[in-house]
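Novice: Dropping the structure in here first, questions after.
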Amino acid sequence: IQKSLFQKHLLPPRDDISAVVTELWNRPERENQYMAQELAKKCLKPIEIEDYALFEFMITHKSWWDTVDFIAANLVGPYFKTLPGQRDSITGKWLSTDNMWLQRTVLLFQLKYKNALDTDFLADTIHSLTGSEEFFINKAIGWILREYSKTNPQWVRQFVQATPLHPLSKREGLRLIT
């Protein structure tokens, strides 16, 4: 439905996207959040430095794994690829909060990076969250490790062996290579 809607109707200008996405996000029906994230993905081009504030709003309001994971991989990931100088200050802020959805985003934004994944950054992020009993954090640790194991199974195997991980994270991370 979204694809045909985007094809048949004019999309809002780039300058209006943040307001339109926020309006959709604030509506009660879940389908509006799905539409908003797709609209953001399609229309926030070129990526601009202030876009992260919209992403943070989307992550912290009406949060659930499906929208947060989409935002991490499809909005925040490209944002940090385009503006790498913003990564450390924003992710540092997000990791220092008690908001597990912001923390999950820091774990997952590199999901599509493959060979461009920053293993030092990933390792530091995982170490900062080691000991969490939060299911959504431990699942995300396993997911990013499993995804990266498709690119570099040796690194993942060595990292998992050397790192005290929650059993869920370990099981998920090694699922494709053991």
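Per this note's numbering, the sequence shown starts with residue 4, numbered consecutively.
All C-beta atoms, glycine included, are put in the ideal place defined by N, C-alpha and C.
The structure displayed is predicted, hence computed values, not measured ones.
Using a threshold of 7 Å, state whether the C-beta atoms of G145 and E175 are closer than that.
Specialist: Cβ distance < 7 Å, so G145 and E175 count as in contact.
Novice: Classify T70 as buried or exposed, calling it buried when 16 or more other Cβ atoms lie within 10 Å of its own Cβ.
Specialist: With 16 or more Cβ atoms within 10 Å of its Cβ, T70 is classed as buried.
Novice: If you compare alpha carbons, which of L110, W104, F73 and Y55 is closest to T85?
Specialist: Comparing Cα-Cα distances from T85 to each of L110, W104, F73 and Y55, the minimum goes to Y55.
Novice: Look up K11 in the DSSP assignment and say whether it is helix, strand or coil.
Specialist: Because K11 sits at a pLDDT of 47, beneath the cut-off of 50, its placement in the model cannot be relied upon, and the following sentence gives the value as read from the coordinates. The answer is helix: DSSP assigns K11 an H, G or I state.
Novice: Candidates D101, C46 and S131: which alpha carbon is nearest T63's?
Specialist: It is D101.
Novice: What are the complete alpha helix (DSSP H) segments, minimum 4 residues, inside the region 35-65?
Specialist: Fully enclosed alpha helix (DSSP H) runs of 4 or longer: 54-63.
Novice: With a floor of 4 residues, list each alpha helix (DSSP H) that falls wholly inside the region 129-176, ordered by position along the chain.
Specialist: 138-152 and 156-165, all fully within the region 129-176.
Novice: Is it buried or exposed, R107, if we count other Cβ atoms within 10 angstroms and call 16 or more buried?
Specialist: Result: buried.
Novice: Once DSSP output is grouped into helix, strand and coil, what is the label at D91?
Specialist: Looking at D91 - three-state DSSP - the assignment turns out to be helix.
Novice: Rounded to whole angstroms, what is the Cα-Cα separation between L168 and P15?
Specialist: Rounded to the nearest angstrom, the two C-alpha atoms are 45 Å apart.
Novice: Closest to Y151 by CA distance: which of K142, L171, L179 and W67 is it?
Specialist: Of the listed residues, the one whose Cα sits closest to Y151 is L179.
Novice: Within the continuous alpha helix (DSSP H) that includes L111, where are the two ends?
Specialist: L111 -> alpha helix (DSSP H) spans M103 to L111.
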